[in-house]
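*Asks:*
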Amino acid sequence: MQRHDTADWMVQVFLVIFVAVAVNAIAGRLLERLGRETTKTRNVWDDALVNAARRPLRLIIWVIGIGFAGDIILHDTGATLFTAVNPLRTVGVIGSLVWFVVRFVRELEENLVAQRQARGEPVDLTTAKAIGRLVRASVLITGALIALQSLGFSISGVLAFGGIGGIAIGFAARDILANFLGGLMLYLDRPFAVGDWVSSPDRDIEGTVEDIGWRLTRIRRFDKRPVYVPNSLFANMAVVNPSRMSHRRIYETIGIRYDDLAAMGPIVAAVDSMLRGRDDIDTTQTLMVYFTAFNQSSCDFMVYCFTRTTVWAEYLAAKQDVLLCVAEIVNAHGAEIAFPTRTLHIAAPTPTAALEEMLS
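Following this note's numbering, the numbering of the sequence shown begins with 680 at its first residue and continues without gaps.
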């Protein structure tokens, strides 16, 4: 009779495992077919849903199958080892669901960003990553609390302990907390985003923002060296974001010779007219060309204007063309651009008395 009972529950366990294997295989085939169908649509939600469900679904099938097998063994043998099957199965199901939601949020974030980039639309990667991280963190915390409650822990007690422990941890990890809050303020205030060119006049920091994490921000300098800046520093230093400027400025001082001072008025007028006739110069912004100073070796006039483009290469090309046009205008008026010179006036030598007497 004992052998018959043993054989009976072993057969049942085998059948449960067999069903779990079969359902797992069917679910895998079904998800593969759904994946092929969803790739034909423009909807990014279904792609994210199918891709996120692949591994968590298989895990949850095995968790449920093994849980049922454990129940059978516990019922027929009474082994105390299997009394933990039910709570572990519950935790496994909760963990699988949390894993699925986390994967779904990540897949959806990547798909939405890729879709907008494919359309050529602007993408705020900083905001997208911040929202994704906050949602995933919320899901993980919620899942952990539900799992603890399913194991018999009091949620109110856990939260109370977390409040007391949070105070102690806050004193022990002030720098980490400051960096975390600094990262949160970067996400909320958004003084810069991933891909922006930033600099700080307070510190030797300048480059392109590559990543904004919860603790560190990675900035790639123009010499390609990475700089890792703790987020707490941004609360106490000024940050310049040239990527958000509306125009680029051309500000040059050009000198002509003192011999050409009479041509200064016509030259200034011609340069001003030239700038106002250019398409790459924004005439709605401040535009000034004035004679400004008598310098040591030159008479100087100022060229002050703004280009429409903010792209560095395009700005340099526009500035180069403006300077060449200024040089042509100066030459066309018979003047020359000055360079540092000195004029020495040597007086004729005065004859000495002895020399005058000898000559006389």
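C-beta: ideal position from N, C-alpha, C; glycine also.
Quick check on the burial criterion: 16 or more other C-beta atoms within 10 angstroms. Buried or exposed for Lys719?
*Replies:* exposed
*Asks:* Name the one or two DSSP bridge partners that Met967 has.
*Replies:* Tyr983
*Asks:* For a quick check, are the C-beta atoms of Met924 and Ser879 less than 8 Å apart?
*Replies:* no
*Asks:* Helix, strand or coil: how does DSSP classify Ala851 here?
*Replies:* The predicted model places Ala851 with a pLDDT of 49, which falls under 50 and marks its position as unreliable; any figure quoted below should be read in that light. Ala851: helix per DSSP, three-state reduction.
*Asks:* Considering Cα atoms alone, identify which of Ala872, Val906, Arg900 is closest to Ala807.
*Replies:* Ala872
*Asks:* Suppose the cutoff is 8 Å on Cβ atoms and the five residues either side in sequence are ignored; what does the same chain contact list for Asp881 look like?
*Replies:* Met916, Ala917
*Asks:* Suppose the cutoff is 6 Å on Cβ atoms and the five residues either side in sequence are ignored; what does the same chain contact list for Ala727 look like?
*Replies:* Phe783, Glu786, Leu787, Asn790
*Asks:* Rounded C-beta distance between Tyr969 and Met981? I'm assuming under 8 Å.
*Replies:* 6 Å
*Asks:* Just tell me which of Glu1015, Gly956, Thr971, Leu813 has its CA closest to the CA of Leu867.
*Replies:* Comparing Cα-Cα distances from Leu867 to each of Glu1015, Gly956, Thr971, Leu813, the minimum goes to Leu813.
*Asks:* Using only the alpha-carbon positions, how far apart do Gln794 and Leu713 sit?
*Replies:* 20 Å
*Asks:* With three or more C-beta pairs closer than 8 Å as the rule, is the region 700 to 713 touching the region 732 to 746?
*Replies:* Touching, yes, given that three or more Cβ pairs across the two stretches are closer than 8 Å.
*Asks:* With a threshold of 7 Å on Cβ separation, who are the neighbours of Val777 within its own chain once the five nearest residues in sequence on each side are excluded?
*Replies:* Closer than 7 Å at Cβ, skipping near neighbours: Val818, Leu819, Gly822.
*Asks:* Leaving out five residues before and five after Tyr994 in sequence, what residues of the same chain have Cβ atoms less than 7 Å from its Cβ?
*Replies:* Arg927, Thr986, Thr988
*Asks:* Please classify Thr896: is it buried, with 16 or more other beta-carbons within 10 angstroms of its beta-carbon, or exposed?
*Replies:* buried
*Asks:* Among all the DSSP beta bridges, which residues are the ones paired with Pro909?
*Replies:* Leu895
*Asks:* Comparing alpha-carbon positions, which option in Gly811, Ile745, Arg768 lies nearest Val695?
*Replies:* Ile745
*Asks:* Any idea what DSSP makes of Gly934, helix, strand or coil?
*Replies:* strand
*Asks:* Between Val906 and Ile884, how many whole angstroms is the CB-CB distance? I'm expecting something under 8 Å.
*Replies:* 6 Å
*Asks:* Quick one: using the 10 Å Cβ neighbour count with 16 as the cut-off for buried, is Ile1025 buried or exposed?
*Replies:* exposed
*Asks:* With distances taken Cα to Cα, identify the nearest neighbour of Ile1016 among Gln999, Gln964, Tyr937.
*Replies:* Tyr937
*Asks:* Per DSSP, which residues does Asp890 bridge with? Please list them.
*Replies:* Arg897
*Asks:* Give me the DSSP bridge partner(s) of Trp724.
*Replies:* According to DSSP, which records beta bridges pairwise, Trp724 is partnered with nothing at all.
*Asks:* Go ahead and pull the three-state DSSP assignment for Ser637.
*Replies:* Nothing about residue 637 can be reported from this structure: the residues present for the chain run from 680 to 1039 only.
*Asks:* In angstroms with no decimal places, state the Cα-to-Cα distance between Phe973 and Asp951.
*Replies:* 20 Å
*Asks:* Is it the case that the Cβ atoms of Gly862 and Ile891 are separated by a distance below 8 Å?
*Replies:* One thing to note: Gly862 has its Cβ within 8 Å of the Cβ of Ile891.
*Asks:* Using only alpha-carbon positions, find the residue among Asp979, Met943, Thr971, Arg815 that is nearest to Ala780.
*Replies:* Note on residue identity: the sequence assigns Val, not Ala, to residue 780. Nearest option by C-alpha distance: Arg815.
*Asks:* Could you spell out the range, first to last residue, of the alpha helix (DSSP H) harbouring Asn1010?
*Replies:* Unbroken alpha helix (DSSP H) run through Asn1010: 991 to 1011.
*Asks:* Within a Cβ cutoff of 8 Å, which residues of the same chain sit near Thr971, ignoring the five residues on either side of it in sequence?
*Replies:* Excluding residues within five positions, the ones whose Cβ falls inside 8 Å are Thr932, Asp979, Phe980, Met981.
*Asks:* Apply the 10 Å Cβ neighbour rule to Val692 and answer buried if 16 or more other Cβ atoms are within range, or exposed otherwise.
*Replies:* buried
*Asks:* The alpha helix (DSSP H) that contains Val780, what's its start and end?
*Replies:* 764 to 797
*Asks:* Go ahead and pull the three-state DSSP assignment for Phe973.
*Replies:* Taken through DSSP and simplified to helix, strand or coil, Phe973 comes out as strand.
*Asks:* Which residue marks the beginning of the alpha helix (DSSP H) containing Val947, and which one marks its end?
*Replies:* 943 to 955
*Asks:* Exposed or buried, what is Lys998 when buried is set at 16 or more other beta-carbons lying within 10 Å of its beta-carbon?
*Replies:* buried
*Asks:* Just list the residues that DSSP pairs Ile884 with in beta bridges.
*Replies:* Ser879
*Asks:* State the Cα-Cα distance for the pair Trp724 and Phe913, rounded to the nearest angstrom.
*Replies:* 36 Å
*Asks:* Let me check you understand the geometry: is the CB of Met967 closer than 7 Å to at least one non-hydrogen atom of the ligand COA?
*Replies:* The ligand COA is not part of the structure shown, which contains no ligands of any sort.
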